[in-house]
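A.B. asks: Numbering (the numbering used here), first residue to last: 446 to 713. Each residue gets a CB set at the ideal place from its N, CA and C atoms; glycine is no exception. Have a look at the structure that comes next, please.
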C-alpha cells in the first residue's frame, strides 16, 4: 500500500513569499485570460457579421475537455472513466444546443496518491485563496502540458475528480482565474441516487467559460441541484450561448458555404 502523502511544513517567511508569488501569478493569469476572452469575443462577432453578409454559416464550435481522476492516500482511484462518461455525454448534449460540441481529449487516472488537501479541497473564495497560496500545487503539477501544446485559444478545460468538497458544494470553478474545475466523486456513482448528478460537470464547465448563476431552476446555471428529486434543468438562454461561444476555450467552427448534406457534416 502506498504511503500517505503529507505536505511539508513551511515557515511564515516561506508562506509570505509563496503568497506574493501566487498573487502575481493569479493576477497575470487572469489578465491574460480576460484579454484572450475579449479578443475571442470580438473575433466571433466579426465572423457572425461576415456570415450574415456572405450568406454562409459556421459549423459547431468545439470545447476540449480533459478529466483527471485522483487516487486517495492509499492509491485507490476515486472513480472510473466509465463512471464519468455519462456526465461528459450530458455536457456534449447540453452544449450542442448552443452550437458547441464537447471533445474529450483524455480521461486520465493519477495513480500517485494525492495529499488530503487535494482530495478534500475547499470551495469558492477559499479555493481561490488556496490556489494563490500554492496549496493546489498537486493539481497544477498534473495539469502541466508540453510547451508546444500551450495555446491561448482552444486550450482544454480540465475536470479534476476529488473525493469531497468542503461544505455543501459538489463542484467548483474559479471561473476566469483557472483552466480547471473540481467535481467530487460521488456525483458519478450511479449506485448512489442521493448523490448522482450529471448536471454538475457541465454546470462547472459553464462557470469556467464565464457563465454566472441563473435564477431559473430549469436553467443549467441554477446554483443548486439536489438529487434525486430536485435536480436542476439544463436549459441555456441565447445570451448564455453567446457568452460560451465567445470564450477563449472554445474553438470556432469551420465556415461552411452552401447547403445540403455535405455542408452540414462535421468531424466527430
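Taking Cβ positions, are residue 622 and residue 655 nearer each other than 7 Å?
C.D. replies: Contact flag unset, no.
A.B. asks: For the segment 569-638, which segments carrying the beta strand (DSSP E) assignment without a break, of at least 3 residues, lie completely within its bounds, in sequence order?
C.D. replies: 602-607, 616-618 and 625-629
A.B. asks: Quick check on DSSP: helix, strand or coil for residue 687?
C.D. replies: helix
A.B. asks: Where does residue 542 sit, in a helix, a strand or coil, going by DSSP?
C.D. replies: coil
A.B. asks: What is the residue span of the beta strand (DSSP E) that residue 512 lies within?
C.D. replies: Element bounds for residue 512: 506-516.
A.B. asks: Who are the Cβ neighbours of residue 563 in its own chain at under 6 Å, not counting the five residues just before and after it?
C.D. replies: 583, listed in sequence order.
A.B. asks: Measuring straight from C-alpha to C-alpha, what distance separates residue 550 and residue 509?
C.D. replies: 6 Å
A.B. asks: With distances taken Cα to Cα, identify the nearest neighbour of residue 533 among 686, 523 and 648.
C.D. replies: 648
A.B. asks: Helix, strand or coil for residue 696 per DSSP?
C.D. replies: Reduced to three states, the DSSP call for residue 696 is strand.
A.B. asks: Under the three-state reduction of DSSP, which class applies to residue 562: helix, strand or coil?
C.D. replies: helix
A.B. asks: Quick one: using the 10 Å Cβ neighbour count with 16 as the cut-off for buried, is residue 709 buried or exposed?
C.D. replies: Unreliable placement is indicated for residue 709, whose pLDDT of 38 sits below 50; the coordinate value is still reported in the next sentence. Label assigned to residue 709: exposed.
A.B. asks: I think residue 673 touches residue 631, with their Cβ atoms under 8 Å apart; what is that distance to the nearest whole Å?
C.D. replies: The C-beta distance from residue 673 to residue 631 rounds to 13 Å, too long to meet the 8 Å contact threshold.
A.B. asks: Does the segment 535-543 come into contact with the segment 572-579, if we say contact requires no fewer than three beta-carbon pairs (one atom in each stretch) closer than 8 Å?
C.D. replies: no
A.B. asks: According to DSSP, which residues form a beta bridge with residue 671?
C.D. replies: 675
A.B. asks: Please return the same chain residues whose Cβ sits closer than 8 Å to the Cβ of residue 546, not counting the five positions on each side in sequence.
C.D. replies: Only 505, 506, 507, 508, 537, 540 and 711 meet the Cβ criterion.
A.B. asks: If you compare alpha carbons, which of 651, 690 and 598 is closest to residue 617?
C.D. replies: 651
A.B. asks: Under the assumption that residue 602 contacts residue 624 (Cβ atoms under 8 Å), give the Cβ distance between them as a whole number of angstroms.
C.D. replies: With a Cβ gap of about 6 Å, residue 602 and residue 624 count as contacting.
A.B. asks: Would a C-beta distance cut-off of 7 Å place residue 514 and residue 561 closer than the cut-off?
C.D. replies: no
A.B. asks: Where DSSP assigns a beta bridge to residue 664, which residues make up the other side?
C.D. replies: 680
A.B. asks: Can you tell me which of the three DSSP states residue 537 falls into?
C.D. replies: helix
A.B. asks: Between residue 686 and residue 663, which are expected to be in contact by the criterion C-beta below 8 Å, what is the C-beta distance as a whole number of angstroms?
C.D. replies: Not really, about 16 Å apart at Cβ, beyond 8 Å.
A.B. asks: Check whether the Cβ atoms of residue 604 and residue 699 lie closer than 7 Å to each other.
C.D. replies: no
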